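Numbering (full-length UniProt numbering), first residue to last: 1 to 173.
What follows is a set of notes on a single structure, which appears directly below.
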C-alpha cells in the first residue's frame, strides 16, 4: 500500500472511500463528523442511527467500522471507524485494528484510493505520531497491495510528525 500525506481538508480530497472518525454512538458531533454533518445535512446521521436501531444497539464497540453513503461528498462511500472506546480512550493497537477493518471493507467495495484523517487524535488521546506508528506497518501488508491511502492532516507540523513516525516505524520493522 502506498501512503501519501497531505495537508488540507479531508472532505475535499477525492478518493473512492473516506475513512472517517466515529464515536461509539455514531453521532456526527464534532471534528470530521461535524464537518460531514455541516456539508451534507442530516441524511448520513439518519443512516447511522438507523444502523444502530436495526441492530438493537445504542452504541457499537471500539474497532467497529460502519459504512454509509457519501451524501454528495467526493467519495463512493464513507466508512465510519470507531477507534475509541466510550470513554474516548484508544491505543496504537486499537487504531491499527480499526484501520485494518476499514481497509478490508474498502477492498470489498472495490476501492483503490482511500483518504482518512488521523483517527483518535482529536477527541481521542492519541498523538499524530501514534497514528503514524499504528498505520506504518500496514504499508507492507500484501493484502493491501494496490491501495493508496492518503492521510490528511491539518498543518505542516502534523505532516512532519506523521512522516517521521511512519519512517521510524518502517525502519524498525
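Glycine included, C-beta positions come from ideal geometry on N, C-alpha and C.
Please read all numbers here as calculations on a predicted model, not as lab measurements.
Nearest-angstrom beta carbon gap, residue j and residue i [assumed within contact, 8 Å]
{"i": "residue 21", "j": "residue 146", "result": "25 Å between Cβ atoms; not a contact."}
{"i": "residue 33", "j": "residue 82", "result": "Residue 33 to residue 82, Cβ: 11 Å. No contact."}
{"i": "residue 94", "j": "residue 18", "result": "Not a contact, Cβ separation roughly 20 Å."}
{"i": "residue 150", "j": "residue 112", "result": "Contact doesn't hold; Cβ gap of about 12 Å is too wide."}
{"i": "residue 69", "j": "residue 44", "result": "7 Å"}
{"i": "residue 66", "j": "residue 49", "result": "11 Å between Cβ atoms; not a contact."}
Cross-strand partners of residue i (DSSP beta bridge)
{"i": "residue 120", "result": "Looking at the DSSP assignment, residue 120 forms no beta bridge with any residue, so it has no partner."}
{"i": "residue 17", "result": "77 and 114"}
{"i": "residue 64", "result": "Beta-bridge pairing links residue 64 to no other residue."}
{"i": "residue 152", "result": "6"}
Inter-residue Cα distance where the pair is residue i and residue j
{"i": "residue 11", "j": "residue 56", "result": "30 Å"}
{"i": "residue 92", "j": "residue 133", "result": "7 Å"}
{"i": "residue 42", "j": "residue 97", "result": "29 Å"}
{"i": "residue 27", "j": "residue 2", "result": "31 Å"}
{"i": "residue 99", "j": "residue 39", "result": "24 Å"}
{"i": "residue 156", "j": "residue 141", "result": "27 Å"}
Exposure label - residue i; buried when at least 16 CB within 10 Å
{"i": "residue 7", "result": "exposed"}
{"i": "residue 61", "result": "exposed"}
{"i": "residue 115", "result": "buried"}
{"i": "residue 89", "result": "exposed"}
{"i": "residue 110", "result": "exposed"}
{"i": "residue 124", "result": "buried"}
{"i": "residue 15", "result": "buried"}
{"i": "residue 75", "result": "buried"}
{"i": "residue 117", "result": "buried"}
Cutoff 7 Å: residue i Cβ touching any chain D Cβ
{"i": "residue 20", "result": "Among the chains in the structure shown there is no chain D, since it carries only a single protein chain."}
Count Cβ pairs between the segment 104–112 and the segment 126–136 that sit closer than 8 Å; are there 3 or more? The segment 104–112 vs the segment 126–136: no contact.
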